[in-house]
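First residue of the sequence shown: 1, per the UniProt record's numbering; consecutive thereafter.
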Amino acid sequence: MFFNTDLGSYLSERLSGPSISGPSSAVNESGKSDSLAAMFPGLAYGRHRGPARRGCRQAAVAISLYQDTQQRWLIPLTRRPMTLKHHGGQICLPGGRLEAGESANVAALREFEEELGIRPQVQRCCGGLHPQYVYVSDNAVQPMVYIIDRPPSPWLPDPVEVEDVILLPLEELLRPSRRGVFRMNKRVHFTQANPHPANESGFDTLEFNAPAFEYGGNRIWGATAMILDELARILLPLRAG
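Here's what the structure looks like:
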């Protein structure tokens, strides 16, 4: 379908240049519509409008690209257990908060190893995409893009953080048929505004429409979809036919 080029060199050049388009741009470099539906969820105000909150937590995620035995480019994603307070049940990129003194690069690779149980053998760090501010967890997330060696052994995911490992073929991000708007259910925590003994805190279910990638029975939405959407638009010039 595409990627008949040195993908690592191409991404490094694009991510180091000053003219990268912002997330979910509606046109490609030629000025024509790219036919890819935008990935802004209905509840994404804090993720894509305005700066991150001053003093918010800093985090990083790893977009790690490698080729399988059939020469397909794959991206490892994780499904979070429902037991997690934030993003339970969602499909995410490996990542987490920066520890004291860490760079986004160091944190992303550390979190990859902690979550997937394998230290990534990095061929090239291509650079970073635009940061995303995730309002619900108050994290400013820096996506880092890597070309890595194909993992030599099965994944050994941390069961506390990872319920399942999902391998997303990179070319699927460029297929308009993989994008849609779906009715989503999300568990949210609430606290009564009036601190009266009769009032309680707890969980409720919020329903809303959200754009998502759908692949293999999985729906990838929210900040992860927005990050992958930006990567897809950077790759559009490589698409053939």
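For every residue, glycine included, the Cβ atom is placed at its ideal position computed from N, Cα and C.
Status (buried if at least 16 other CB within 10 Å, exposed otherwise) for Glu207: As a first step, residue 207 must be located in the sequence shown, where it is residue number 207. Result: exposed.
Alpha helix (DSSP H) segments (min. 4 residues) lying fully within the segment 110 to 192: As far as the segment 110 to 192 is concerned, it has no whole alpha helix (DSSP H) run of at least 4 residues.
With burial defined as no fewer than 16 other Cβ atoms inside 10 Å of the residue's Cβ, what is the status of Ser177: buried or exposed? Counting from one through the sequence shown, the residue named residue 177 turns up at place 177. Ser177 counts as exposed, since fewer than 16 other beta carbons sit within 10 angstroms of its beta carbon.
DSSP three-state call for Met226: helix, strand or coil? Taking the sequence shown and counting its residues from 1, the one referred to as residue 226 is at position 226. Three-state result, Met226: helix.
Hey, Leu74 and Tyr66: beta-carbon distance below 8 Å or not? By 1-based counting over the sequence shown, the position of residue 74 is 74. By 1-based counting over the sequence shown, the position of residue 66 is 66. A contact, by the Cβ cut-off of 8 Å.
Measuring only the C-alpha atoms, how far is Asn185 from Glu163? On the sequence shown, position 185 is the one that residue 185 refers to. On the sequence shown, position 163 is the one that residue 163 refers to. Just so you know, the alpha carbons of Asn185 and Glu163 end up roughly 19 Å apart.
Just curious, the beta strand (DSSP E) that Ser64 is in, first and last residue? Translated into the one-based positions of the sequence shown, residue 64 becomes position 64. Annotation for Ser64: the continuous beta strand (DSSP E) segment containing it runs 57 to 67.
Considering only DSSP beta bridges, list what Gly95 is partnered with. Numbered from its first residue, the sequence shown carries residue 95 at position 95. Val61, per the DSSP bridge assignment.
Tell me the residue span of the alpha helix (DSSP H) that contains Leu236. Counting from one through the sequence shown, the residue named residue 236 turns up at place 236. Premise fails: Leu236 is in no alpha helix (DSSP H) and is neither H nor E.
Could you check what DSSP says for Arg79 in three-state terms: helix, strand or coil? Counting from one through the sequence shown, the residue named residue 79 turns up at place 79. When secondary structure is reduced to three states using DSSP, Arg79 falls in the strand class.
Neighbourhood of Val165 by C-beta, 7 Å cutoff - its chain only, sequence neighbours within 5 removed: Numbered from its first residue, the sequence shown carries residue 165 at position 165. Counting only Cβ-Cβ distances below 7 Å, and skipping sequence neighbours, we find Pro76, Thr78, Leu116, Trp155, Pro157.
Run through DSSP, which three-state label would Glu13 get? Within the sequence shown, the letter at position 13 stands for residue 13. Three-state DSSP puts Glu13 in a helix.
Following the continuous beta strand (DSSP E) through Arg219, name the residue where it begins and the one where it ends. As a first step, residue 219 must be located in the sequence shown, where it is residue number 219. In the DSSP annotation of this structure, the continuous segment of the beta strand (DSSP E) that includes Arg219 starts and ends at 218 to 221.
What distance in whole Å lies between the Cβ atoms of Pro131 and Ala140, which are believed to be in contact at a cut-off of 8 Å? Within the sequence shown, numbered from 1, the residue matching residue 140 stands at position 140. Within the sequence shown, numbered from 1, the residue matching residue 131 stands at position 131. Indeed they touch by this definition, with Cβ atoms about 5 Å apart.
Where Asp138 and Leu235 are concerned, what is the direct C-alpha to C-alpha distance, given to the nearest angstrom? For the purposes of this step, residue 138 is taken as the residue at position 138 of the sequence shown. For the purposes of this step, residue 235 is taken as the residue at position 235 of the sequence shown. The straight-line gap from Cα to Cα measures roughly 29 Å.
Helix, strand or coil, according to DSSP, for Ala108 in the structure here? For the purposes of this step, residue 108 is taken as residue 108 along the sequence shown, with counting starting at 1. Note: Ala108 maps to helix in three-state DSSP.
My guess is that Ile148 and Cys126 are in contact by the Cβ rule of under 8 Å, so how many angstroms apart are they, rounded? Along the sequence shown, one-based indexing puts residue 148 at 148. Along the sequence shown, one-based indexing puts residue 126 at 126. No, Ile148 and Cys126 are not in contact; Cβ-Cβ is about 11 Å, not under 8 Å.
Ala62 beta carbon less than 8 Å from that of Phe112: If you number the sequence shown from 1, residue 112 lands on position 112. If you number the sequence shown from 1, residue 62 lands on position 62. It is a contact, given that the beta carbons lie within the stated cut-off.
Whole-angstrom Cβ separation of residue 287 and Leu15, contact assumed at under 8 Å? This structure cannot settle anything about residue 287, because the visible part of the chain is limited to 1 through 241.
State the CB to CB distance for the pair Ala104 and Gly96, rounded to an integer number of angstroms; the pair is presumed to be in contact (CB under 8 Å). Numbered from its first residue, the sequence shown carries residue 104 at position 104. Numbered from its first residue, the sequence shown carries residue 96 at position 96. In this structure, Ala104 and Gly96 do not form a Cβ contact; the two beta carbons are roughly 11 Å apart against a cut-off of 8 Å.
Tell me the DSSP secondary structure of Leu7 in three-state form. Residue 7 sits at position 7 when you count from the first residue of the sequence shown. Taken through DSSP and simplified to helix, strand or coil, Leu7 comes out as helix.
Given that a residue counts as buried once 16 or more other Cβ atoms are within 10 Å of its Cβ, and exposed if not, what is Arg150? Your numbering for residue 150 matches position 150 in the sequence shown. Its Cβ having fewer than 16 others within 10 Å, Arg150 is exposed.
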